[in-house]
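Have a look at the structure below, then the notes.
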Amino acid sequence: MTVHPLGVMACRVGVSALLLTVLCSCLPEQQMPTATQLNPGETAHSIITKAARITPSPRQMAWQQRELIGFIHFGINSFTDKEWGDGKEDPAIFNPTELDCNQWVQVCKDAGMELVMLTAKHHDGFCLWPSRYTEHSVKNSPWKNGKGDVVRELSDACRKAGLKFGVYLSPWDRHEPTYGDSPAYNQYFINQLKELLTKYGPIHEVWFDGACGEGPNGKRQVYDWPAYYEVVRRYAPDAVIFNGPDVRWVGNEAGYARETEWSVLRLEKTFDEFMLQDVTRPDLGSRTALMGPGRLVWLPAETDVSIRPGWFYHAAEDDKVKSVDQLLDIYYSSVGRNSVLLLNIPPDRRGLIHENDARRLREFRKVLDATFANNFAADAEARCSSCRRDTRELIHAPARVVDGDPETYWTTEEGTTLAILEIDMQAQQTFNVASLSEYIKVGQRIEDFSLEAWFDGDWRQFARGTTVGYKRLLRFDPITTRKVRIKIMQSRVCPTLSEFGLYFAPPVETVLHDM
Ligand code: FUL
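Okay, so the sequence shown: first residue is 15 according to the working numbering, each after it adds one.
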């Protein structure tokens, strides 16, 4: 590496490597791959350059832009006070007294959620829709005299409110007698999947839960994942598949993505083997993790967590709804770490989202809105000392990061992987949150960055991070300054930034004072 006089560093690379970098950045977006095979003996530089070229598919991009989505765990467990049913429950116990999916959707919408996902069938096998392939469903419950259909009501309510709809269909099924007879159960599962995707579409996410508690002496079912994926692609082409080729589990159920969260991974195995064996590893995408055989794929993380200790409703947890501070911490550590937050709010036995959960979500939204209402960096003067005044400068000028348009972006000239971008707000401002976004439609590239503020004639670092990806949020003690600079200290190829923001998060108590 060489350090340029203006504090801008540039990679010293060989001619072929430079050519690769140039090729990488010049490829039009629609030609950039969502996956690529690695060749035996490929150099580290070639692998890293390839990784920086992997991009999301349109359905993955749309999923990422949703940021916050709602999870609804509802079913037989809501009436037994359990988390996992054994499949022997009598459908007669399913009897919500005031079920109102419009209320669920309203609560989700008010919280800023863009999609609602329902446990159409949990591990107990009880179906919330009148499936023609089993008797273990709402059709044999007293609710609406067996004529009710929760999947229908929720998908209709979502459509009416302009929200997308997703289904969770548990592969592990403790009721279905064919479970364990692999071909027969695979057919059963595919039939149910088709039923859901064709009767209740359009569906935008399909959630395949990886859990199975059968144990060593339990039933052994070999799932036909390729066939399941094919059915989703065929009948719900816009749906992302969770625990499959589109979206991976973040690796915990606490609500926290990794500090360093890559959307580009190297896979040696099939998607399902990866999900089963490796998805919880602390490092999935570093330079070290990318070295080796296999293929590079765009496989971003979804962070699932419940607003209560349990996934299903339990009256005993009415006073254990997560606090606004906890929810904020989760938000900053999931949405703010290049992930999508899938937040569970379980309806109660009435078939309503409990008042405590609904209120907490309204409070959470209010604080987020108060925080992100005013971007002090908006329309600030932005300059990059390493940028040349060529066409790239005009199209990808520094001002693009403060123009409020996520479809425009700043980048450096070809071959420059390190840069400093200076933001002058023209007046002193006080802020305690920063937001950075890469233009991931051309790949995820930034590996190390810091933020510095201008104090008494000097730059002082106040925050530092590794990956940025779709969105990186950083919180710190309030800072008052007029100028901030973003220092990109390592990037796989020339870095991009589509947006940058500086905000002031007011104390939670102040925001909620008059609620
Ligand atoms: C887990 C399941 O076992 C839980 O019951 C819940 O559905 C959670 C989202 O996924 O694997």
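Even glycine gets a Cβ: it sits at the ideal position worked out from N, Cα and C. Here the structure is a predicted model, which is why all the values come from computation and not from measurement.
In terms of residues, what are the limits of the beta strand (DSSP E) holding residue i?
i    : result
L129 : 129 to 135
K178 : 178 to 183
D462 : 460 to 469
L355 : 353 to 358
Answer with buried or exposed for residue i, where buried requires no fewer than 16 other C-beta atoms within 10 angstroms of its C-beta.
i    : result
F469 : exposed
N236 : Looking at the sequence provided, one finds Val at residue 236 rather than Asn. Per the 10 Å Cβ criterion, exposed.
G365 : buried
R322 : buried
R247 : exposed
P520 : exposed
P509 : buried
C38  : Bear in mind that a pLDDT of 38 at C38, under 50, signals an unreliable position, so the number given afterwards is only what the model happens to contain. Its Cβ being crowded by 16 or more others within 10 Å, C38 is buried.
S184 : buried
T63  : buried
S169 : buried
H136 : buried
L290 : exposed
P19  : Residue confidence for P19 is low, a pLDDT of 26 falling below 50, so the modelled location carries little weight; the figure read from the coordinates is stated next. Result: exposed.
G409 : The question names Gly, but residue 409 is Ile in the sequence shown. Result: exposed.
M529 : exposed
F390 : buried
T212 : exposed
H527 : exposed
A467 : buried
W441 : According to the sequence shown, residue 441 is Ala rather than Trp. Answer is exposed; the Cβ neighbour count stays below 16.
R26  : Per-residue confidence for R26 stands at a pLDDT of 27, beneath the threshold of 50, marking its modelled position as unreliable; the derived number appears in the next sentence. Exposed: under 16 other Cβ atoms inside 10 Å.
R231 : Note that residue 231 is Asn in the sequence shown, not Arg. Exposed, because fewer than 16 other Cβ atoms sit within 10 Å of the Cβ of N231.
Tell me the DSSP bridge mates of residue i?
i    : result
F256 : W221, V261
L530 : Outside the shown range of the chain, which is 15 to 529, sits residue 530, and nothing can be said about it.
R489 : V447
R478 : S464
V522 : Note: V522 sits in no beta bridge, so no partner.
K501 : I434, S464
V236 : Partner(s): none; V236 has no beta bridge.
E316 : W263, V354
T495 : Q443
T510 : T425
W157 : Note: W157 sits in no beta bridge, so no partner.
W473 : W468
What span of residues does the alpha helix (DSSP H) with residue i cover, start to end?
i    : result
C172 : 164 to 175
S347 : 338 to 348
A76  : 72 to 80
Y517 : It is not in any alpha helix (DSSP H) - Y517 instead sits in the beta strand (DSSP E) that spans 513 to 517.
D286 : 285 to 291
A241 : 239 to 249
A3   : There is simply no residue 3 to check, as the chain begins at 15 and stops at 529 in what is shown.
A271 : It is not in any alpha helix (DSSP H) - A271 carries neither H nor E in the DSSP assignment.
S60  : 58 to 65
S193 : Here residue 193 is Tyr; the residue named in the question, Ser, does not match the sequence. Segment: none, Y193 is in no alpha helix (DSSP H) and carries neither H nor E.
Quiz item: Closer than 5 Å from C-beta to any heavy atom of the ligand FUL: which residues, in chain order?
Solution: D223, A225, W325
Exercise. Write down every uninterrupted run of the beta strand (DSSP E) in the segment 84 to 153 whose length is 3 residues or greater and which is fully enclosed by it, in chain order.
Key: 129 to 135
Practice problem: Tell me the start and end of each unbroken beta strand (DSSP E) in the segment 359 to 426 that is at least 3 residues and wholly inside, in chain order. | Solution: For the segment 359 to 426, whole beta strand (DSSP E) runs of length 3 or above, ordered along the chain, are 395 to 398.
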